[in-house]
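All remarks here apply to the structure that follows.
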Amino acid sequence: MDNHLRPQRLLAFLDDEVSKNERLAIEHHLSLCSSCSEEMERLRADLPKLLGKLQEIDSTVPPPPPKPWPAFRDLLKRPRAEEP
Amino acid sequence: MSETGARYENDGKGKAQIECGTSPTQDRVDALYRVHRDDIYRFLLTRRLEPAIAQELAQDTFVHLFVSLSKGAVIESERAWLYRVALRTAIDYWRHEKHSPSIALEDAPGFITNLEWNGSTPETVVIEKQRTERVAVVLAHLPEAQRAAIHLRMQGMRYRAIAKVLDVSLSTVSELIAGAVERLRSAANG
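Protein chains in written order, with this note's numbering: chain A, 660 to 743; chain B, 1061 to 1250.
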């Protein structure tokens, strides 16, 4: 089958970020296209593992804040620049 | 003094100091500050800021939220607003510094070595370590927009909210996330 689904459509489908009509169209395509269907299953298996890996990296790799967080009320006492 | 108990004073040097008593707005932003400050800090690190600068700008972001709410701004999603203002603050910072961010995360102290490795045998520990290293390096080198988009997706943010934060279209968010996932997946499976 030609006109395979683009990666962003597969991902948006898995992320539940497509409209109802688009979901139906993608499901119809997947029922006819083994190549896209296989890629969807690979992505479905990989995505949670990848997001878990990114969470692990995000929670351990970045350096922690160099200073303890001040109380919010103390932030309001500081001179500050104008809003961005 | 505003209805929220906040008062703004200009010192004539482009700086303003806020005087305030405890108010519902302050309590509300204080609660958001406690919950989201670390996430905003880590998001700012993805903009390649030094940790001390990222922490400072994260704090400023919450003060901006307090000021906006005190002035009566209606904010639909405070979380998305915080990310959007943090991003603008980071962009303003780099514009003021007059150069592009180019800090290599590999040079940052603690990069990679902070990671703990899980695995049932020495071989799987090594394999998992190598996998995580590859993903961490690719993540550090993603184009900035892809990095920001995948970071926000990782925080559980919906595409529409990410589009608002990054000020791009929904289809662009979709492309950014798919591009990031493709690269990271290759690294993880490579």
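The C-beta atom is built at its ideal place from N, Cα and C for all residues, glycine as well.
I want to verify the contact list: residues of chain A whose CB lies under 8 Å from the CB of residue i, in sequence order.
i: B/GLN1270; result: With chain B running from 1061 to 1250 in the structure shown, residue 1270 of chain B is simply not present.
i: B/MET1217; result: Under the 8 Å cutoff, chain A gives no residues; its nearest Cβ is about 11 Å from B/MET1217.
Can you name the residues of chain A whose CB is closer than 7 Å to the CB of residue i?
i: B/TYR1101; result: PRO724
i: B/GLN1206; result: Per Cβ cutoff of 7 Å: no residues; B/GLN1206 is ~12 Å from chain A at best.
i: B/ILE1237; result: LEU670
i: B/ARG1243; result: The premise fails here: B/ARG1243 is roughly 11 Å from chain A at the closest Cβ pair, so nothing lies under 7 Å.
If you check the beta carbons only, do residue i and residue j fall under 8 Å apart?
i: B/ALA1114; j: B/LEU1105; result: yes
i: B/ALA1196; j: A/ILE685; result: no
i: A/LEU689; j: A/SER678; result: no
i: B/ILE1237; j: A/LEU669; result: no
i: B/ILE1100; j: B/LEU1142; result: yes
i: B/PHE1103; j: B/HIS1201; result: no
i: B/TYR1219; j: A/GLU681; result: no
What does residue i reach in chain B if we use C-beta pairs closer than 9 Å?
i: A/PHE672; result: Near A/PHE672 there are no residues of chain B at all, since even the closest Cβ is about 10 Å away, more than 9 Å.
How far does the alpha helix (DSSP H) with residue i in it extend, from its first residue to its last?
i: B/GLN1119; result: 1111–1130
i: B/HIS1156; result: 1138–1157
i: B/PRO1182; result: 1182–1200
i: B/VAL1241; result: 1230–1249
i: B/GLN1215; result: Run containing B/GLN1215: none; DSSP gives neither H nor E here.
i: B/ILE1100; result: 1084–1105
Out of the options, which one is the CA nearest neighbour of residue i?
i: A/PHE731; options: B/ILE1100, B/LEU1092, B/MET1217 and B/GLU1136; result: B/LEU1092
i: B/VAL1198; options: B/LEU1129, B/ILE1100 and B/GLY1239; result: B/GLY1239
i: B/LEU1147; options: B/PHE1126, B/ALA1133, B/LEU1109 and B/VAL1134; result: B/LEU1109
i: B/GLU1204; options: B/ASP1090, B/ILE1187, B/TRP1141 and B/VAL1233; result: B/VAL1233
i: B/THR1192; options: A/LEU691, A/LYS712 and A/GLU700; result: A/LYS712
i: B/SER1083; options: B/PHE1126, B/VAL1225 and B/VAL1186; result: B/PHE1126
i: B/ALA1140; options: B/ARG1245, B/GLU1157, B/ALA1208 and B/PRO1182; result: B/ALA1208
i: A/ASN662; options: A/PHE672, A/ASP674, A/PRO725 and A/LEU691; result: A/LEU691
i: A/LEU735; options: B/GLY1132, B/THR1149, B/PHE1122 and B/GLY1216; result: B/PHE1122
i: B/GLU1116; options: A/HIS687, A/PRO727 and A/LEU709; result: A/PRO727
Given that residue i touches chain B, what residues does it touch there, using C-beta distances under 8 Å?
i: A/PRO707; result: Residues of chain B passing the Cβ test: none, with the nearest at roughly 12 Å.
i: A/ILE716; result: LEU1175, THR1192, VAL1195, ALA1196 and LEU1199
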